[in-house]
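K.L.:
My structure is below; once you've seen it, I'll send some questions.
Chains as they are written, first to last, in the UniProt record's numbering: chain A, 1 to 287; chain B, 1 to 312.
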């Protein structure tokens with residue numbers, strides 16, 4: 001399970017350690033059987049993510065990747081195993097330590113139409129994390145929000161402050177969600193299929209934006225996707241998840257070039273054969 | 001730049017404003033809603049005008065004013081437009097005051113029950129599990145209680161109840177339906193990603209409840225408030241008619257009781273009909289408004305005629 005990539009890293013470089021984590025959902029039966037647990041959504045998963053890297057979590061629908069993200073974010077409790085973020089034991093976080101954990105780890109959601117509170121203006125949306133963590137006074141917040149929005153490509157930022165989500169396009173909303181995620185300057189961002197609801201051209205812009213954030217602020221990314229091409233484009237290492245289990249982990253090129261598990265092979269075979277992202281210019285020139 | 005954003009501000013509507021504008025468009029198209037609003041405006045004017053008669057002449061005071069020349073139930077005349085009751089008090093003046101009391105009882109008790117119901121509904125749905133079960137079983141218990149009967153018993157036990165006690169008692173018996181609806185709304189809201197995003201940002205439970213969930217369930221709560229108003233007015237009228245109202249107020253139910261008690265039920269239609277019709281039409285108007293609002297809030301109830309507005 002542990003690839004050579006994992007072994008090289010010294011523990012100090014590892015920002016997130018997920019060890020043998022299990023999460024099963026209870027199924028209630030109104031019969032004599034009582035309640036019992038079905039096959040786990042996340043089954044004995046172990047991953048290590050190094051500081052500063054982009055780690056891809058690839059898998060089909062229902063493979064448990066979003067559940068794993070929710071466990072890491074402590075949106076749900078896991079049944080067994082342990083998650084360590086830096087020196088924090090995520091499973092045991094409470095009160096102030098949980099709040100400081102929330103400052104360090106943020107999320108870019110999947111669905112830009114559902115992830116913004118319709119009653120919040122864009123400024124309120126982006127500034128809310130600052131208000132929650134009591135960062136800065138009004139003036140400082142205005143400046144931080146503006147920086148985050150400019151970084152996310154919402155310029156001029158002041159034009160968006162008083163708008164509401166229903167007045168923005170999907171791509172703009174996703175940028176707002178990204179601005180909200182980076183406003184706290186987190187060390188770790190989980191991006192849960194951030195482009196699955198966007199069309200291709202906007203997706204590429206969002207990818208560029210994530211690249212910029214990663215490079216400029218040395219943010220570690222856990223990038224969740226069902227799209228191998230996207231993972232290849234963005235991630236240094238990937239893990240392939242299938243039915244709640246990690247079936248393969250390693251450097252992106254290595255896994256795509258030489259897949260071991262049958263499911264990974266099937267996944268790669270199922271990819272539409274397009275030109276790779278890097279060759280887009282050349283291919284169209286040939287035609 | 002500054003002026004540009006200034007002018008831009010007026011074009012940009014908040015989500016709340018957009019909802020209101022959309023709602024008004026739909027509402028405006030709705031005949032039932034329009035009739036309801038018109039009736040309500042009439043009753044609102046009645047309530048406002050109720051302050052005038054006692055100033056014109058003390059004999060028009062709804063409670064203590066007595067016409068010195070009339071000491072029997074008299075039919076409408078130029079002096080008393082709707083006639084007088086059996087001791088010479090002006091019926092029109094009583095009717096106008098009754099509108100004020102009906103609004104007071106209806107709106108304040110509906111408001112209290114909405115506050116209780118919304119809070120309990122949100123709390124039950126948000127924390128779920130044991131607390132949810134406990135609160136909802138409690139709501140069921142209150143819901144199946146025959147509220148009129150229980151309030152009657154209480155007033156027998158504690159003597160005459162004041163109007164405010166009645167308001168609070170009605171509110172205490174009428175929150176469960178609100179709590180149920182708000183609970184189900186909150187249950188679905190809780191699954192919406194923006195609530196998760198608030199949690200990821202570190203928002204406290206109070207913040208999530210009051211800043212994220214409450215504004216989203218408020219329209220539904222307001223809708224239920226109109227239905228609560230209807231039932232509160234009816235309960236108060238019933239109590240007063242049965243002689244358990246606040247003897248210091250002139251409500252329509254109280255007027256009906258006076259008609260009944262003094263044996264004028266079939267002798268003085270000019271005395272019986274106005275309060276009776278007012279109770280019916282006022283509850284009807286709130287009900288109509290509620291129905292129209294329901295249609296605005298629930299797209300499934302919209303008829304085809306309204307579809308173009310929904311799309312626009």
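We put the beta carbon where it would ideally sit given N, CA and C, even for glycine.
Since the structure is predicted, the reported quantities are computational estimates derived from the model, not experimental observations.
#1: Would you check if the distance between the CB atom of residue 202 of chain B and the CB atom of residue 132 of chain A is smaller than 8 Å?
#2: Could you spell out where the beta strand (DSSP E) holding residue 265 of chain B opens and where it closes?
#3: Taking Cβ-Cβ distances shorter than 7 Å, what residues in chain A pair up with residue 23 of chain B?
#4: Can you tell me whether residue 268 of chain B is buried or exposed? The criterion is at least 16 other CB atoms within 10 Å of its CB, across all chains shown.
#5: Please give the ranges of any beta strand (DSSP E) in the stretch 76-102 of chain A, keeping only runs that are unbroken, at least 3 residues long and fully inside the region.
#6: I'd like to know if residue 201 of chain B contacts chain A, where contact means its C-beta is closer than 8 Å to some C-beta of that chain.
#7: Name the two residues that bound the continuous alpha helix (DSSP H) containing residue 252 of chain A.
#8: Using a Cβ-Cβ cut-off of 8 Å, state whether residue 193 of chain B counts as contacting chain A.
#9: So which of B/167, B/53, B/213, B/84 has the shortest CA-CA distance to residue 68 of chain B?
#10: Should the stretch 97-113 of chain A be regarded as contacting the stretch 168-183 of chain A, the criterion being three or more beta carbon pairs within less than 8 Å?
#11: Let me check understanding here. Comparing Cα to Cα, which of B/204, B/160, B/94 lies closest to residue 48 of chain B?
#12: Just tell me which of B/135, B/162, B/172, B/129 has its CA closest to the CA of residue 150 of chain B.
#13: One question on the structure: do residue 41 of chain A and residue 236 of chain A come within less than 8 Å of each other, judged by their Cβ atoms?
#14: Excluding the 5 residues preceding and the 5 following residue 252 of chain A in the sequence, name in chain order all residues of the same chain whose CB lies nearer than 7 Å to its CB.
#15: Using the beta-carbon of each residue, which ones in chain A are nearer than 7 Å to residue 298 of chain B?
#16: Report the three-state DSSP secondary structure of residue 73 of chain B (helix, strand or coil).
#17: Taking 8 Å as the CB-CB cut-off, is residue 86 of chain B touching chain A?
#18: Is residue 57 of chain B near the ligand COA, with its Cβ less than 7 Å from a heavy atom?
#19: Can you give me the C-alpha to C-alpha distance between residue 133 of chain B and residue 154 of chain B, rounded to a whole angstrom?
#20: Would you mind reading off the limits of the beta strand (DSSP E) that contains residue 22 of chain A?
#21: Could you pull the start and end residues of the alpha helix (DSSP H) that residue 158 of chain B belongs to?
#22: Can you tell me the Cα-Cα spacing of residue 29 of chain B and residue 289 of chain B, whole angstroms?
#23: Buried or exposed: where does residue 53 of chain B fall if 16 or more other Cβ atoms within 10 Å of its Cβ makes it buried?
#24: So what does residue 241 of chain A bridge to, in DSSP terms?
#25: With DSSP as the reference, please indicate the residues paired to residue 222 of chain A in a beta bridge.
#26: Establish whether the CB of residue 60 of chain B and some CB of chain A are separated by less than 8 Å.
#27: What does the alpha-carbon distance come out to for the pair residue 266 of chain B and residue 51 of chain B?
#28: Within a Cβ cutoff of 6 Å, which residues of the same chain sit near residue 62 of chain B, ignoring the five residues on either side of it in sequence?
#29: Less than 8 Å between the C-beta atoms of residue 105 of chain B and residue 163 of chain B, yes or no?
#30: Relative to the C-alpha of residue 285 of chain B, which candidate in B/35, B/195, B/22, B/66 has its C-alpha closest?
#31: I'd like the span of the beta strand (DSSP E) that includes residue 42 of chain A, first residue to last.
#32: Could you tell me the alpha carbon to alpha carbon distance between residue 131 of chain B and residue 283 of chain B, rounded to whole angstroms?
#33: Counting only Cβ pairs nearer than 9 Å, list the residues of chain B close to residue 290 of chain A.
#34: Less than 7 Å between C-beta atoms, sequence neighbours within five positions excluded: which residues of the same chain meet that for residue 142 of chain B?
#35: Along chain B, which residues have their Cβ under 7 Å away from the Cβ of residue 115 of chain A?
#36: Near residue 160 of chain B, which residues of its chain fall below 8 Å by C-beta distance, leaving aside the five closest residues on each side in sequence?
P.N.:
Quick look at the numbers:
#1: Position 202 of the second chain holds residue 202 of chain B. Position 132 of the first chain holds residue 132 of chain A. Cβ distance < 8 Å, so residue 202 of chain B and residue 132 of chain A count as in contact.
#2: Taking the second chain and counting its residues from 1, the one referred to as residue 265 of chain B is at position 265. No beta strand (DSSP E) contains residue 265 of chain B, which DSSP labels as neither H nor E.
#3: Reading the second chain from its first residue, position 23 is the one you call residue 23 of chain B. Per Cβ cutoff of 7 Å: no residues; residue 23 of chain B is ~14 Å from chain A at best.
#4: By 1-based counting over the second chain, the position of residue 268 of chain B is 268. Label assigned to residue 268 of chain B: buried.
#5: 80-85
#6: The residue you call residue 201 of chain B lines up with position 201 of the second chain. Closer than 8 Å to some Cβ of chain A, the Cβ of residue 201 of chain B qualifies, so yes.
#7: Locating residue 252 of chain A in the first chain gives position 252, where the first residue counts as 1. Counting along the chain, the alpha helix (DSSP H) containing residue 252 of chain A begins and ends at 252-257.
#8: Position 193 of the second chain, counted from the first residue, corresponds to residue 193 of chain B. It does: the Cβ of residue 193 of chain B has a partner Cβ on chain A nearer than 8 Å.
#9: The count along the second chain starts at 1 and reaches residue 68 of chain B at position 68. Among B/167, B/53, B/213, B/84, the Cα nearest to that of residue 68 of chain B is on B/84.
#10: yes
#11: Position 48 of the second chain, counting from 1, holds the residue named residue 48 of chain B. That would be B/94, whose Cα lies nearest to the Cα of residue 48 of chain B.
#12: As a position in the second chain, residue 150 of chain B is number 150, starting the count at 1. The shortest C-alpha separation from residue 150 of chain B is found at B/172.
#13: For this step, residue 41 of chain A is matched to residue 41 along the first chain. For this step, residue 236 of chain A is matched to residue 236 along the first chain. No, the Cβ-Cβ distance between residue 41 of chain A and residue 236 of chain A is not below 8 Å.
#14: Looking up residue 252 of chain A in the first chain gives position 252. The answer, listed in chain order, is 56, 231, 232, 235, 236, 237, 238.
#15: As a first step, residue 298 of chain B is located in the second chain; it is residue number 298 there, counting from the start. Chain A residues near residue 298 of chain B: none, gap ~17 Å exceeds 7 Å.
#16: Within the second chain, numbered from 1, the residue matching residue 73 of chain B stands at position 73. Residue 73 of chain B falls in the coil class under three-state DSSP.
#17: The sequence position of residue 86 of chain B within the second chain is 86, counting from 1. Chain A, which has no Cβ nearer than 8 Å to the Cβ of residue 86 of chain B, makes this no.
#18: This structure does not include the ligand COA; it has no bound ligands of any sort.
#19: For this step, residue 133 of chain B is matched to residue 133 along the second chain. For this step, residue 154 of chain B is matched to residue 154 along the second chain. Each residue's alpha carbon lies about 28 Å from the other.
#20: Position 22 of the first chain holds residue 22 of chain A. Residues 14-23.
#21: Along the second chain, one-based indexing puts residue 158 of chain B at 158. From DSSP, the alpha helix (DSSP H) with residue 158 of chain B extends over 147-158.
#22: Here the question's residue 29 of chain B lines up with position 29 in the second chain. Here the question's residue 289 of chain B lines up with position 289 in the second chain. Spanning the two alpha carbons is a distance of roughly 13 Å.
#23: Here residue 53 of chain B refers to the residue found at position 53 of the second chain. It is buried - the Cβ of residue 53 of chain B has at least 16 other Cβ atoms within 10 Å.
#24: Against the first chain, residue 241 of chain A aligns to sequence position 241. In DSSP, residue 241 of chain A forms a bridge with A/59, A/246.
#25: Residue mapping note: residue 222 of chain A aligns to position 222 of the first chain, counting from 1. Beta-bridge pairing links residue 222 of chain A to A/55, A/190.
#26: Translated into the one-based positions of the second chain, residue 60 of chain B becomes position 60. Not an interface residue.
#27: Taking the first residue of the second chain as position 1, residue 266 of chain B is located at position 266. Taking the first residue of the second chain as position 1, residue 51 of chain B is located at position 51. Computed Cα separation, rounded: 30 Å.
#28: As a working note, residue 62 of chain B is residue 62 in the second chain. Contacts found: 93, 94, 97, 250.
#29: In the second chain, the residue the question calls residue 105 of chain B occupies position 105. In the second chain, the residue the question calls residue 163 of chain B occupies position 163. Closer than 8 Å, so yes.
#30: Sequence index remark: in the second chain, residue 285 of chain B carries index 285 (1-based). Checked all of B/35, B/195, B/22, B/66; the closest Cα to residue 285 of chain B is B/35.
#31: Walking along the first chain from the start, residue 42 of chain A turns up at place 42. From DSSP, the beta strand (DSSP E) with residue 42 of chain A extends over 42-50.
#32: On the second chain, residue 131 of chain B is found 131 positions in, with the first residue counted as 1. On the second chain, residue 283 of chain B is found 283 positions in, with the first residue counted as 1. Residue 131 of chain B and residue 283 of chain B: Cα-Cα distance of roughly 35 Å.
#33: Outside the shown range of chain A (1 to 287) lies residue 290 of chain A, about which nothing can therefore be said.
#34: For this step, residue 142 of chain B is matched to residue 142 along the second chain. The answer, listed in chain order, is 173, 176.
#35: Here residue 115 of chain A is taken as the residue at index 115 of the first chain, counted from 1. By Cβ distance, chain B contributes 193, 194, 197.
#36: As a working note, residue 160 of chain B is residue 160 in the second chain. For residue 160 of chain B, where only same-chain residues beyond five positions count, the Cβ hits under 8 Å are 244, 246, 247.
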